[in-house]
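Here is the structure we will look at.
Numbering (full-length UniProt numbering), first residue to last: 1 to 1089.
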């Protein structure tokens, strides 16, 4: 807005004065801020100097403590700590000199400190060298001389001077900082007040001169602000303006979100900033602006570029802006990012095409707008033949009527139409054939309107299977599977539609490999040709093909081998037409037996005797003429007691009657005596007891006439098993429902066929929502892949997947939540094939407990580690004051013994003894704590060398007691040499110490154990240990004797136990009172072992 010439110049002058005042106040404030910051830097500098002085004081005191510790113990640990302190002291002196380089007085004071420290260090190094070369006495004399040295006082005085000077400088600099800050505040307050007064005067002047114009301006600003807020509130669209040359003059939040440019980065820049360089080079932008100016508006889609260089698809709409005279004043641009919508559309189409069912999308008018490839296959149309057509062309009734209802149904009603419990209708293919379908409808919001997505599943096979199963399963499958012969059902095209387990075994195929295949694959000739004849042959002709006088053909196994068979064909009416049931018996053995019988009677008898069943040969008068040893065992008679006797003696009813009938029986009666469904009768033993049998009768031509051979099998166990099976089936379902875990039974296709109430509760589904669905709906990964493997795994492999050691996977509930489970898979043989029973246990609580336990274990390990460090630090720090007490009590004992009264001598002796025992106790405690913290990396070492070193350390004790130490060949082992020496030394020392009479004898030996580790034994002839104390002696501070009897701290064996455990072994003892002790431990062998 242009300012009218009537504005009062006084207002301009007042505003200029206010601005000038603000500049002056700002400059003064800036200077005060800089000076304050400078003062603060000096304050921090002084604090740093004081901190370094404090660290130097602590380092000098630590060095003194380490120096005294080395003089008293000659422990290299203290020498190392002392040398580290010297290095740190030098570093701190250098830091102080650097920090005080601008202060000459402080530099001089620091030089005095360095001189005093250097002199003290030289004295200490001389004393340390004396301790190394001449021993404790010489070092003590030098130390006593140094005690009188005035160094500590001088050094503390010099350090105090340094601290006091820095504290003084700190006070001065803090005062300066406060003064400057006060000055800055004063100037700022006065300047602000003056500026405020000038601004008030200018405001009053302007207000009185321009009240009317302010009203107009205010209305304009309100209007502009509303427009700006409107633009800023739009996040999904980039809205901005260009001048006539294409330069950006305004920018909104949506433009910033889409392009990642802020307003100050793009305002004033050319519009070409958002387009690829090739479009700019081709003059696309100039053409776009020219066309927009010519026609007033232009829309197009194209590729744009963000700030980070990434490209995106965008729609751009340009509108030419012209003034009242028609002159071009600029352009307005509205743009939108189309990437997300395009990607969503692509993802939706990909999911639609990948769906296993036919997917059809229909608008509210009932016209098809989209479908997938499965819909093309299922209905027989090309895609372009269906798009735009009414859905009634493929689903005549029941679908289109539901579209209106879908708009008003609730979410609960929509859920009720899922595939699992969907709508069953009749669909129509292009060729006019109809088939049953199940569909699920769900609304789909789109830019055009609410569409309806229909998932369509062909349930023809399921319907046919349900009908067939309802008719046949209860009566036919049980008989089919129980048949002892192979049973194959074939349709009129010669394809196998059903078979039993005997057929799988006989031909070597799995069931799914044969179903649907041509019967000629297993019976190449003579069977398929008869199927057509079956439709036209008379009942009498069909009866002529019974098993007893059946058709003999050649069959072919999966491995290509051939074998002779005998088949019996019988028609079976079904909804699919007349099927043919074939009972197939492998007659390889029978043919061989017949051939063998024709060649030699003696060999026949051998075969007869070798038969696993009782075999009885009967003549036409019903007298037994031959039997085998199994018949003797089964009936309890000797052979000579049965031969010549009537067969009714052992089979009272049902057998003898058939022999006479055989000559005259009809074809129908003969069918009742098939091998596969043998005759079940009651047999009688010699003792009068009865038992069920199954017999197979076969004629045997001989010179005496036709004999009848009866194969008799005791079926007591089988009948009991069948009865038990019938009882157990109902119990199985009860057990399944009562199981505490979720139980799910799955077929080999991965579909759920059975589940219990726990599975419903655990996964949140109703039972009918899961039956027939894929197992991957509730266990997405890791389960379905195992089903195929289960068919081939051994029994041992199956047992390895029990609940206790089960497979841990992730399961998913109906609401989408996931939880950890443990499953156990076991095969379940059924007429439908091998099913997989799955016991599923929710292990959420166990997982939480494991995590909690792991956390507690980590806390315990950390606590143990801290406790070990504490023990080490405590025992280490206790040594210094204790050495001082021990040294001076020993000095009192030497100087004043006999010079005071007897009580004083006794008290001093008590103090010396107590200090000495405390020193030993702390030393042992420190050794115990160092087993883990100061242990070295195990190396291959000679255990014999380690033993010899420990014996050298014990030379005084060995010579003083006259002990005899012996050892056998000792191996190289993987161990920490220092700790192995300590281990041998403690065990041998105990063998020498705990001895009352005679010469102490200790023997060390080693041998390889079953785990290929070296088992060491340290055997002595000492006092022995009562077995009740075998565990106690390895504890801390555990003693079995009074201190007056044997010296010690009670930590030695605890140290030994910890050393052995660190090397992965166990320390144990075997002992009897007055018969010595044997301590044993094992170590890993070295490379040379």
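Backbone N, C-alpha and C fix where the C-beta goes; we use that ideal spot for every residue, glycine too.
Restricting attention to 486, 527, 524, 528, the CA atom closest to the CA of residue 511 is found in 486.
Looking at the DSSP output, residue 302 bridges to 314.
Per DSSP, residue 364 lies in no beta strand (DSSP E) segment and is marked neither H nor E.
Boundaries of the beta strand (DSSP E) harbouring residue 823: 818-830, taken from the DSSP string.
Residue range 1068-1071 is occupied by the beta strand (DSSP E) that includes residue 1068, with no alpha helix (DSSP H) assigned at that position. Nearest to residue 508 by alpha-carbon distance, out of 1009, 586, 569, 458, is 586. Leaving aside the five residues that flank residue 893 on each side, the residues in its chain whose CB is nearer than 6 Å to its CB run, in chain order, 908, 912.
In the structure shown, residue 954 falls within a coil segment according to DSSP collapsed to helix, strand and coil. Shown here, residue 108 sits in a helix according to DSSP, grouped into three states. Residue 634 has no beta-bridge partner at all, per DSSP. If you draw a straight line from the Cα of residue 116 to the Cα of residue 91, it comes to about 16 Å.
Within the same chain, Cβ atoms closer than 8 Å to the Cβ of residue 355 are found at 372, 374, 455, the five residues on either side in sequence being excluded. The C-beta distance from residue 271 to residue 296 rounds to 18 Å, too long to meet the 8 Å contact threshold. When the alpha-carbon of residue 838 is set against those of 332, 847, 884, 756, the nearest one is in 756.
Secondary structure of residue 775 (DSSP, three-state): helix. Excluding sequence positions up to five before and after residue 299, its CB lies within less than 6 Å of the CB of 317, all in the same chain and listed in chain order.
Remark: fewer than three beta-carbon pairs, one from each stretch, lie closer than 8 Å, so the region 631-645 and the region 729-745 are not flagged as touching.
A straight-line Cα-Cα distance of about 11 Å links residue 809 and residue 778. Non-local beta-carbon contacts of residue 56 in its own chain, meaning distances under 6 Å to residues more than five positions away in sequence, involve 92 in chain order.
For the region 467-533, the full-length alpha helix (DSSP H) segments reaching 4 residues or more read 478-482, 501-507, 511-514 along the chain. A Cβ-Cβ distance of about 22 Å is found for the pair residue 1013 and residue 949, leaving them out of contact under the 8 Å criterion. Beta-bridge pairing by DSSP links residue 166 to no other residue.
Taking the CA atoms as reference points, residue 716 sits about 27 Å from residue 827.
Going by C-alpha positions, residue 240 is about 23 Å away from residue 281.
Our two residues, residue 752 and residue 773, have alpha carbons roughly 6 Å apart in a direct line. Beta-bridge pairing by DSSP links residue 270 to 247. By the Cβ criterion, the region 840-857 is not in contact with the region 500-507, since fewer than three pairs of Cβ atoms, one from each stretch, lie closer than 8 Å.
Under the 8 Å Cβ criterion, the region 934-944 counts as touching the region 968-986, having at least three qualifying pairs. Residue burial annotation: residue 1058 is buried, with at least 16 other C-beta atoms found within 10 angstroms of its C-beta. Segment contact: the region 91-108 against the region 186-193, fewer than three CB-CB distances shorter than 8 Å; contact not assigned.
A residue is called buried when at least 16 other Cβ atoms come within 10 angstroms of its Cβ; residue 761 does not meet this threshold and is exposed. Residue pairing by DSSP puts residue 572 in a beta bridge opposite 579. Residue 360 and residue 289 have their C-alpha atoms some 44 Å from each other. Pairing residue 158 with residue 113 gives a Cβ-Cβ distance under 7 Å. For residue 254, the enclosing alpha helix (DSSP H) has its first and last residue at 253-259. The shortest CA-to-CA distance from residue 529 to any of 506, 491, 558, 997 is the one to 491.
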